[in-house]
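Here the sequence shown is numbered in full-length UniProt numbering, starting from 1 and rising by one per residue.
Just so it is clear, CB atoms sit at the ideal spot from N, CA and C, and this is done for glycine as well.
See structure below.
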Amino acid sequence: MMQDLTERLDEKNKQLQKQLEDAQKVNKEQLRRLKSLEEQLEQQQARERDETAALERMIQQVECSLKAAQERASDAEQLAHSLKLEVKALQARCKQLEQQQHDSLPEMTSDLSCKLRAAADSAEGSLRSLLDGVSQLRLYSQVLESWTKVHEDPS
């Protein structure tokens with residue numbers, strides 16, 4: 001009976017040792033798997049940190065670009081506004097000048113008409129003087145011709 005008990009205990013001991021060895025193998029495999037997963041997790045976290053940093057840099061660049069674009073747009077709007085005001089002022093000045101020209105047109109045409117009439121009268125007087133001078137030159141020519149004939153013919 002004792003021997004039976006010893007054999008059973010030995011058998012039970014062997015069985016427990018085998019279970020322990022199997023459990024240790026499983027534990028060792030799980031530890032290896034755990035280390036592998038921890039390494040993968042660390043690598044993934046490092047990639048995510050790098051990606052997050054890259055995204056933050058890109059966001060900063062986009063924000064800077066957006067700010068610059070907004071400043072350019074604001075400057076362009078201000079320039080457009082000032083140009084519109086300048087165009088309105090120039091249009092008003094143009095209308096004013098057109099009105100002045102329209103209002104002074106009769107006076108200018110009347111003044112020009114008087115000046116042209118005076119120039120025509122002056123030219124007419126000059127032409128009459130010139131024609132009188134031409135007549136006198138012809139008269140002098142005839143007088144000289146007659147005088148030459150009178151002095152040539154002594155008979």
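Collapsed DSSP secondary structure at residue i in the structure displayed
| i | result |
| --- | --- |
| residue 1 | coil |
Nonlocal neighbours in the same chain, by C-beta distance under 7 Å from residue i, ignoring five residues either side
| i | result |
| --- | --- |
| residue 84 | none |
| residue 128 | none |
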